[in-house]
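Q: Numbering (this note's numbering), first residue to last: -19 to 244. Each residue gets a CB set at the ideal place from its N, CA and C atoms; glycine is no exception. First the structure, which I've put down as structure tokens, then a few questions once you've had a look.
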């Protein structure tokens, strides 16, 4: 295939926001009498805000709010557990919808406050975006974050760098379902199979692969991720075309080779 478009995840791929999200989750959890530990990673990292809210409500209701460890101590363990969780489906919840919505709104507020204070583009991100733009390659941002958060981040990254932005409200099902990537490809007028997606989590990788995109996985800017994502083309279990430690290792020629089914 030829490279018709590049589709980028946002949090943890283009900008360093994961720590801010963890801090927001920990703050809201504390308001509910819950202390996050490494065992909470699957429910709070790389998941829709509603999933995280339901998890926190469930923890608070169960009466097991406090547990061993602290967010700082369990940080690397949390990320690794999230990687190992792979493409697990979002857990269903029987928690009251109104309560979950309230906590989800509080999570979004807490995250927005932290993101508004400033976010940092990850190494190589802006260079890669500008290189693709100069070559006329269409770029879409495909994020699981709410539009409110995406718009704040775009003040730093630059909305003009993207031909299309897909936020949480714009697709039917959230990642790991393929809907966000299918929506992005359709919006750009290209086939998913002619796109390369750039992702950093198993949830996002699953979404992009199910949509039919080839995937570049960015692994090592978080603690433990170099060990948690596979190395090499087509490595199991995520079937990525390429794994890199930083976007500094990716350029237009790299993406064109991957789109053509080759690697350097």
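(1) Among the candidates 230, 191, 169 and 193, whose CA atom is the shortest distance from the CA of residue 199?
(2) Identify the continuous alpha helix (DSSP H) that holds residue 177 and give its terminal residues.
(3) By the 10 Å Cβ neighbour count, where 16 or more other Cβ atoms means buried, how is residue -17 classified, buried or exposed?
(4) Round the Cβ separation of residue -4 and residue 180 to the nearest angstrom and send it over; I've been treating them as touching at under 8 angstroms.
(5) Distance, Cα to Cα, residue 20 vs residue 127?
(6) Please work out which residues of its chain come closer than 8 angstroms, Cβ to Cβ, to residue 32, disregarding the five sequence neighbours upstream and downstream, and give them in chain order.
(7) Buried or exposed: which applies to residue -2, given that a residue is buried once 16 or more other Cβ atoms fall within 10 Å of its Cβ?
(8) Applying the 10 Å Cβ sphere with the 16-neighbour rule, what's the burial state of residue 100?
(9) Any contact of the region 184 to 199 with the region 143 to 162, i.e. 3+ C-beta pairs under 8 angstroms?
(10) What separation, rounded to the nearest whole angstrom, lies between the Cα atoms of residue 123 and residue 43?
(11) Using only alpha-carbon positions, find the residue among -14, 92, -19 and -7 that is nearest to residue 7.
(12) Quick check: what's the CA-CA separation for residue 162 versus residue 172?
(13) Would you mind reading off the limits of the alpha helix (DSSP H) that contains residue 91?
(14) Buried or exposed: where does residue 125 fall if 16 or more other Cβ atoms within 10 Å of its Cβ makes it buried?
(15) Please name the residue in 39, 112 and 167 whose C-alpha comes closest to that of residue 104.
(16) Out of 79, -8, -9 and 13, point me to the one whose CA is closest to residue 30's CA.
(17) Taking just the CA atoms, how far does residue 160 sit from residue 150?
(18) Residue 119 bridges to which residues according to DSSP?
(19) Please give the ranges of any beta strand (DSSP E) in the region 13 to 43, keeping only runs that are unbroken, at least 3 residues long and fully inside the region.
(20) Under the assumption that residue 175 contacts residue 165 (Cβ atoms under 8 angstroms), give the Cβ distance between them as a whole number of angstroms.
A: In brief:
(1) Taking the first residue of the chain shown as position 1, residue 199 is located at position 219. Considering only alpha carbons, the answer is 230.
(2) The residue given as residue 177 occupies position 197 in the chain shown. In the DSSP assignment, residue 177 falls outside any alpha helix (DSSP H) and within the unbroken beta strand (DSSP E) covering 175 to 179.
(3) As a working mapping, residue -17 is identified with position 3 in the chain shown. Under this definition residue -17 is a buried residue.
(4) Here the question's residue -4 lines up with position 16 in the chain shown. Here the question's residue 180 lines up with position 200 in the chain shown. A Cβ-Cβ separation of about 11 angstroms leaves residue -4 out of contact with residue 180 under the 8 angstroms criterion.
(5) As a first step, residue 20 must be located in the chain shown, where it is residue number 40. As a first step, residue 127 must be located in the chain shown, where it is residue number 147. For residue 20 and residue 127, the distance between alpha carbons rounds to 25 angstroms.
(6) Here residue 32 refers to the residue found at position 52 when the chain shown is read from its first residue. The residues are 5, 23, 24, 84 and 87.
(7) Counting from 1 along the chain shown, the entry for residue -2 is found at position 18. Buried, because 16 or more other Cβ atoms sit within 10 Å of the Cβ of residue -2.
(8) As a first step, residue 100 must be located in the chain shown, where it is residue number 120. The residue in question, residue 100, is exposed, as its Cβ has fewer than 16 Cβ neighbours within 10 Å.
(9) The region 184 to 199 makes contact with the region 143 to 162; the number of CB pairs closer than 8 angstroms reaches 3 or more.
(10) Position 143 of the chain shown holds residue 123. Position 63 of the chain shown holds residue 43. The straight-line gap separating the alpha-carbon atoms of residue 123 and residue 43 is approximately 33 angstroms.
(11) Stepping through the chain shown from its first residue, residue 7 is reached at position 27. Checking every option, the nearest Cα to that of residue 7 belongs to 92.
(12) Along the chain shown, one-based indexing puts residue 162 at 182. Along the chain shown, one-based indexing puts residue 172 at 192. Near 7 angstroms, if we compare the C-alpha coordinates of residue 172 and residue 162.
(13) Taking the first residue of the chain shown as 1, we reach residue 91 at position 111. 77 to 96 is the span of the alpha helix (DSSP H), which, as asked, contains residue 91.
(14) Sequence index remark: in the chain shown, residue 125 carries index 145 (1-based). Residue 125 sits buried, since 16 or more C-beta atoms from the chains shown fall within 10 Å of its C-beta.
(15) In the chain shown, residue 104 corresponds to position 124, counting from 1. It is 112.
(16) The residue you call residue 30 lines up with position 50 of the chain shown. When only C-alpha atoms are compared, the closest one is 79.
(17) Position 170 of the chain shown, counted from the start, is the residue given in the question as residue 150. Position 180 of the chain shown, counted from the start, is the residue given in the question as residue 160. If I take the Cα positions, the gap works out to 8 angstroms.
(18) Position 139 of the chain shown holds residue 119. According to DSSP, which records beta bridges pairwise, residue 119 is partnered with -14.
(19) DSSP assignment within the region 13 to 43 yields no whole beta strand (DSSP E) run of 3 residues or more.
(20) As a working note, residue 175 is residue 195 in the chain shown. As a working note, residue 165 is residue 185 in the chain shown. About 6 angstroms separates the two Cβ atoms, so the contact holds.
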